[in-house]
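Visitor: Quick mapping for you: the protein sequence lines, in order, are chains C and F.
Okay, so the first sequence: first residue is 1152 according to the numbering used here, each after it adds one.
Okay, so the second sequence: first residue is 1152 according to the numbering used here, each after it adds one.
A virtual CB, placed ideally from N, CA and C, is assigned to each residue, including glycine.
Questions regarding the structure given below will be posed in turn.
Number of protein chains: 2
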Amino acid sequence: MEDKHMLMIPGPTPVPEKVLLAMAQHPIGHRSGDFSKIIAEINQGLKWLHQTKNEVLSLTVSGTGAMEAGIINFLSPGDRVLVGSNGKFSDRWAQISEAFGLKVEIISAEWGKPLDTEEFRTKLTADTNKEIKAVIITHSETSTGVLNDLETINKYVKEHGEALIIVDAVTSLGAYNVPIDEWGLDVVASGSQKGYMIPPGMGFVAVSDKAWKAYETAKLPRFYMDLGKYKKANAKDSTPFTPPVNLMYGLQASLQMMQREGLENIFARHERLTQATRAAVKALRLDLLAPDDCASTAATAVAPSSVDAEQIRGIMRKKYDIALAGGQDHLKGKIFRIGHLGFVSDRDILTAISCLEATLIELGYEDFASKAGVKAAAKVLA
Amino acid sequence: MEDKHMLMIPGPTPVPEKVLLAMAQHPIGHRSGDFSKIIAEINQGLKWLHQTKNEVLSLTVSGTGAMEAGIINFLSPGDRVLVGSNGKFSDRWAQISEAFGLKVEIISAEWGKPLDTEEFRTKLTADTNKEIKAVIITHSETSTGVLNDLETINKYVKEHGEALIIVDAVTSLGAYNVPIDEWGLDVVASGSQKGYMIPPGMGFVAVSDKAWKAYETAKLPRFYMDLGKYKKANAKDSTPFTPPVNLMYGLQASLQMMQREGLENIFARHERLTQATRAAVKALRLDLLAPDDCASTAATAVAPSSVDAEQIRGIMRKKYDIALAGGQDHLKGKIFRIGHLGFVSDRDILTAISCLEATLIELGYEDFASKAGVKAAAKVLA
């Protein structure tokens, strides 16, 4: 049905009406006093969301651009880096590191499984010459719905002492507790179309004091993505280059909404939606790709064995106007992913699960008790 | 007065209501078939606007990012480049070139004056070893309202044969005739918040076949800004990274509006608004920064000698809710700039000029006949 579209993918995520209407306001000059006030308010909100006293820098880039900025500002050609790789996005950070001439060592795990923290400990402990300059980790791997154990890996990085920890928090920030200052995370990158509840078009990078020290000697070439320029402008409630004014109107509105809800409530909601989705999928006797103990709170990947994933997505889209994500690369056609990231409520999960049940019945798959999915989800949400 | 703001700066430029409302639509998945159709329509519109058969690539970056992409994709460290420099933005392209290790030779002119085309001819003719790999030119220098003679400089580049011509058309594209294929321009960069009539947040790069050949051997590191990735995705009506979905809704709407108006009408309108503005400024006995024969159709810079530029801007902003741009760097406080770029009509110019007259009278500057500015502008517009 026209205009009845419901987004249940891990990005772009649903956008509140308040944010859409804020974005529809006419832009003002980005060098005006009025816009400086908006920048100042946004910067405070970003620090709150990131649980940090350090600067959080806003760039006109996608999440990949934010992650690239997080890598190239703190390293030099030939630097040795460890990259955790267990999905499409973590693979990409290895590609970026290679494109910029870093010496990349990949610690990989099967797609759908979490990274083995012990492998990081072993590599870092063995590096007595302190040659490893950075460990690059995807916290929530959006392509598989796996949450890597960032806290433990970061502990080993801290024991190493020299290496920076560079984190892709694109689908964990605002969906899972990432206490940047408490954990001492050095570089944390994220993108607007995820937990931020605004459309795509902005990337964010939080930077620690230790990372800024590395910045001073880092030699990879940069200009548009030179975070030093953003830091300098930030101090004057400004930006080095023209910012995406209307997206920032939206960000101002969404940060206000998030602050009214409160960080703990936001994290609890994402945890609740995740558990409800997983309970429902199990009750429907479908397989979950990621194990329970490393479930991302951004998306749940389902790997149905006796019913076709693409057929499920097709009916969900055509008949119920619900967009689910498919699998990427070698998981294409083998999984579907239910997003529960950002502006998603308990009602949305029950809606998606009941439509999923109806879809399964239509496809002749009835290997579950009537209303089993909705019941299981309702029990978690109650 | 609240919400009565009128933008008369050379970016962000005024945005039509149709575009604002298009942007307020809920995003859809950027990997969906429906979004592919939007990408396809936009790509056709961009080719039309750029007067080219070649690909025009859309990036989530500001104009500076687009220009950086236009430089780093086609050159290698140590490459010799000629950079024309006569304002804030052309200066920036020299800085980018230096940041990426190019051998930069600057051909400069005073701010407010056009580049001397003969200097380019001399340098290019003398380069019999064909060491010059690119000539980097800002077509319309937004900071001073000067239009450089791109057509003539490009002729000398074509006679040279080896060098690419890389053009910042940020405030000329959609405001002045830039026939990319007819002139054989190799790389043309622009930004959304200008002639495109949409808010900031997107950058565009048109690339010639000759430039794509240079791309194959160009060695500067790149990933997020790797235009080859954009070209490959473009061929499938897709994007390599998450695009700014809502801005693209706006771009789709604005390209439709532009196509209804027609390229010739758009250029004629910008020329008319420019001439009307300049005639009015002269009638008000204020000095124009740029000479008549190199006037940018994006903005007119006024350098008042006996009345304070910042006072004029202050009254225009506070009393008449009209935002004019100030001077940048050493021109700060010495000039003000009237934008007539993008979604600006004859009525807007008469409005701005009559308010400017009232402002001058309030400041005790009455060195002109009553209504001289409006009369002069009206005569051009009639």
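What is the DSSP secondary structure of C:Arg-1231, counted as helix, strand or coil?
Guide: Taking the first sequence and counting its residues from 1, one reaches residue 1231 of chain C at position 80. C:Arg-1231: strand per DSSP, three-state reduction.
Visitor: If you scan the region 1219–1287 of chain F from start to end, which runs of the alpha helix (DSSP H) of 4 or more residues do you find wholly inside it?
Guide: Whole alpha helix (DSSP H) segments, 4+ residues: 1239–1250, 1268–1277.
Visitor: Looking at C:Thr-1295: is its Cβ nearer than 7 Å to the Cβ of C:Gly-1346?
Guide: Along the first sequence, one-based indexing puts residue 1295 of chain C at 144. Along the first sequence, one-based indexing puts residue 1346 of chain C at 195. No, the Cβ-Cβ distance between C:Thr-1295 and C:Gly-1346 is not below 7 Å.
Visitor: Could you tell me the distance, in whole angstroms, from the CA atom of F:Leu-1501 to the CA atom of F:Arg-1411?
Guide: The count along the second sequence starts at 1 and reaches residue 1501 of chain F at position 350. The count along the second sequence starts at 1 and reaches residue 1411 of chain F at position 260. When rounded, the distance between both Cα atoms is 24 Å.
Visitor: With DSSP as the reference, label F:Gly-1342 as helix, strand or coil.
Guide: Here residue 1342 of chain F corresponds to residue number 191 of the second sequence, with the count starting at 1. Strand, per DSSP.
Visitor: Just to confirm, are C:Ile-1257 and C:Leu-1371 a CB contact at a threshold of 7 Å?
Guide: Position 106 of the first sequence, counted from the start, is the residue given in the question as residue 1257 of chain C. Position 220 of the first sequence, counted from the start, is the residue given in the question as residue 1371 of chain C. Contact: no.
Visitor: Which residues in chain F have a C-beta closer than 7 Å to the C-beta of C:Leu-1398? List them in chain order.
Guide: Within the first sequence, the letter at position 247 stands for residue 1398 of chain C. What C:Leu-1398 touches in chain F: Gly-1352.
Visitor: Go through its chain and collect everything with a Cβ distance to C:Asp-1185's Cβ below 8 Å, but skip five positions before and after it.
Guide: Numbered from 1 along the first sequence, position 34 holds the residue referred to as residue 1185 of chain C. Contacts found: Ile-1179.
Visitor: With F:Ser-1209 as the anchor, note down where its beta strand (DSSP E) starts and where it stops.
Guide: Here residue 1209 of chain F corresponds to residue number 58 of the second sequence, with the count starting at 1. Its beta strand (DSSP E) spans residues 1207–1210.
Visitor: Is the region 1159–1177 of chain F touching the region 1388–1407 of chain F in the sense that three or more CB pairs, one from each, lie closer than 8 Å?
Guide: Judged by Cβ distances under 8 Å, the region 1388–1407 of chain F makes contact with the region 1159–1177 of chain F, as three or more pairs qualify.
Visitor: From F:Met-1353 to F:Gly-1342, what does the alpha carbon distance come to, in whole angstroms?
Guide: Looking up residue 1353 of chain F in the second sequence gives position 202. Looking up residue 1342 of chain F in the second sequence gives position 191. So the two alpha carbons sit approximately 6 Å from each other.
Visitor: Could you tell me which residues DSSP puts in a beta bridge with F:Asp-1319?
Guide: Indexing the second sequence from 1 puts residue 1319 of chain F at position 168. BP columns for F:Asp-1319 point to F:Thr-1289, F:Ala-1340.
Visitor: For C:Thr-1368, I'd like the list of residues in its chain whose CB is within less than 8 Å of its CB, leaving aside the five on either flank, ordered along the chain.
Guide: Position 217 of the first sequence, counted from the start, is the residue given in the question as residue 1368 of chain C. Ser-1227, listed in sequence order.
Visitor: C:Met-1348 touches chain F at which residues, Cβ-Cβ below 7 Å?
Guide: Within the first sequence, numbered from 1, the residue matching residue 1348 of chain C stands at position 197. Neighbours of C:Met-1348 on chain F: none; closest Cβ ~11 Å, over 7 Å.
Visitor: What do you reckon, are the CB atoms on C:Leu-1301 and C:His-1290 nearer than 7 Å?
Guide: Here residue 1301 of chain C refers to the residue found at position 150 of the first sequence. Here residue 1290 of chain C refers to the residue found at position 139 of the first sequence. Contact: yes.
Visitor: At what residues does the beta strand (DSSP E) containing C:Thr-1451 begin and finish?
Guide: If you number the first sequence from 1, residue 1451 of chain C lands on position 300. Taken as a continuous stretch (DSSP letters only), the beta strand (DSSP E) holding C:Thr-1451 covers 1450–1453.
Visitor: Let's see if you can read the secondary structure: which residues bound the alpha helix (DSSP H) around C:Phe-1519?
Guide: As a working mapping, residue 1519 of chain C is identified with position 368 in the first sequence. Element bounds for C:Phe-1519: n/a, residue is neither H nor E.
Visitor: Taking a cut of 8 Å between CB atoms, which residues from the region 1155–1179 of chain C lie near chain F?
Guide: From the region 1155–1179 of chain C, only His-1156, Leu-1158, Ile-1160, Gly-1162, Pro-1163, Pro-1165, Val-1166, Leu-1171, Leu-1172, Met-1174, Ala-1175, Gln-1176, His-1177, Pro-1178, Ile-1179 have a Cβ closer than 8 Å to chain F.
Visitor: Is F:Ala-1250 close to chain C? Criterion is C-beta to C-beta, closer than 7 Å.
Guide: Counting from 1 along the second sequence, the entry for residue 1250 of chain F is found at position 99. It does: the Cβ of F:Ala-1250 has a partner Cβ on chain C nearer than 7 Å.
Visitor: Can you list, in chain order, the residues of its chain whose CB lies under 6 Å from that of F:Ala-1431, leaving out five sequence neighbours each side?
Guide: Looking up residue 1431 of chain F in the second sequence gives position 280. Closer than 6 Å at the Cβ level, and outside the excluded window around F:Ala-1431, lie Ile-1504, Gly-1524, Ala-1527, Ala-1528.
Visitor: When Cβ atoms are compared, which residues of the region 1202–1230 of chain F fall closer than 7 Å to chain C?
Guide: Per Cβ criterion, the list reads Thr-1211, Val-1212, Ser-1213, Gly-1214, Thr-1215, Gly-1216, Glu-1219.
Visitor: Give the range of the beta strand (DSSP E) segment to which C:Met-1157 is assigned.
Guide: As a first step, residue 1157 of chain C must be located in the first sequence, where it is residue number 6. Per DSSP, C:Met-1157 belongs to the beta strand (DSSP E) from 1157–1159.
Visitor: On the three-state DSSP scale, how would you describe C:Leu-1492?
Guide: Translated into positions along the first sequence, residue 1492 of chain C becomes position 341. C:Leu-1492 falls in the coil class under three-state DSSP.
Visitor: Taking only beta-carbon positions, decide if F:Ala-1474 is within less than 7 Å of chain C.
Guide: Taking the first residue of the second sequence as 1, we reach residue 1474 of chain F at position 323. Output row for F:Ala-1474: interface = yes.
Visitor: Quick one: residues in its chain with C-beta nearer than 7 Å to the C-beta of F:Val-1255, no 5 flanking neighbours on either side, listed in chain order?
Guide: If you number the second sequence from 1, residue 1255 of chain F lands on position 104. Only Val-1232, Val-1234, Ala-1245, Ser-1248, Glu-1249 meet the Cβ criterion.
Visitor: Taking a Cβ distance cut-off of 9 Å, strictly less, list which residues of the region 1181–1202 of chain F are near chain C, in chain order.
Guide: So the list reads His-1181, Arg-1182, Ser-1183, Asp-1185, given in the order they occur along the chain.
Visitor: Would you report the Cα separation of C:Ala-1362 and C:Ile-1317, rounded to the nearest angstrom?
Guide: What you label residue 1362 of chain C is simply residue 211 of the first sequence in a count that begins at 1. What you label residue 1317 of chain C is simply residue 166 of the first sequence in a count that begins at 1. One C-alpha to the other measures close to 9 Å.
Visitor: Can you find the residues in the same chain that come closer than 6 Å, C-beta to C-beta, to C:Tyr-1307, ignoring five residues on each side of it along the sequence?
Guide: Here residue 1307 of chain C refers to the residue found at position 156 when the first sequence is read from its first residue. These residues qualify, in order along the chain: Phe-1271, Arg-1272, Leu-1275.
Visitor: Flag C:Phe-1240 as yes if its beta-carbon sits less than 7 Å from any beta-carbon of chain F, otherwise no.
Guide: In the first sequence, residue 1240 of chain C corresponds to position 89, counting from 1. It does not: the Cβ of C:Phe-1240 has no partner Cβ on chain F nearer than 7 Å.
Visitor: Closest by CA to C:Met-1399, which one among C:Thr-1322, C:Val-1338, C:Pro-1350?
Guide: For this step, residue 1399 of chain C is matched to residue 248 along the first sequence. The residue with the shortest Cα to Cα distance from C:Met-1399 is C:Pro-1350.
Visitor: Just to check my reading of the structure: C:Leu-1414 and C:Glu-1508 have Cβ atoms closer than 8 Å, yes? What is that Cβ distance to the nearest angstrom?
Guide: The residue labelled residue 1414 of chain C in the question sits at position 263 within the first sequence. The residue labelled residue 1508 of chain C in the question sits at position 357 within the first sequence. About 33 Å separates the two Cβ atoms, so there is no contact after all.
Visitor: Apart from the five residues on each side of it in sequence, which residues of its chain come closer than 6 Å, Cβ to Cβ, to C:Asp-1518?
Guide: The residue you call residue 1518 of chain C lines up with position 367 of the first sequence. So the qualifying residues of the chain are Arg-1436.
Visitor: Against chain F, which members of the region 1366–1377 of chain C pass a CB distance test of less than 9 Å?
Guide: Cβ contacts with chain F come from Leu-1371, Pro-1372, Arg-1373, Phe-1374, Tyr-1375, Met-1376, Asp-1377.
Visitor: Could you please give me the residues that DSSP links to F:Gly-1477 through a beta bridge?
Guide: The sequence position of residue 1477 of chain F within the second sequence is 326, counting from 1. According to DSSP, F:Gly-1477 bridges with F:Phe-1487.
Visitor: Beta-carbon within less than 8 Å of F:Ile-1466's beta-carbon, same chain only, minus the 5 sequence neighbours each way: which residues are those?
Guide: Counting from 1 along the second sequence, the entry for residue 1466 of chain F is found at position 315. So the qualifying residues of the chain are Thr-1510, Glu-1513, Leu-1514.
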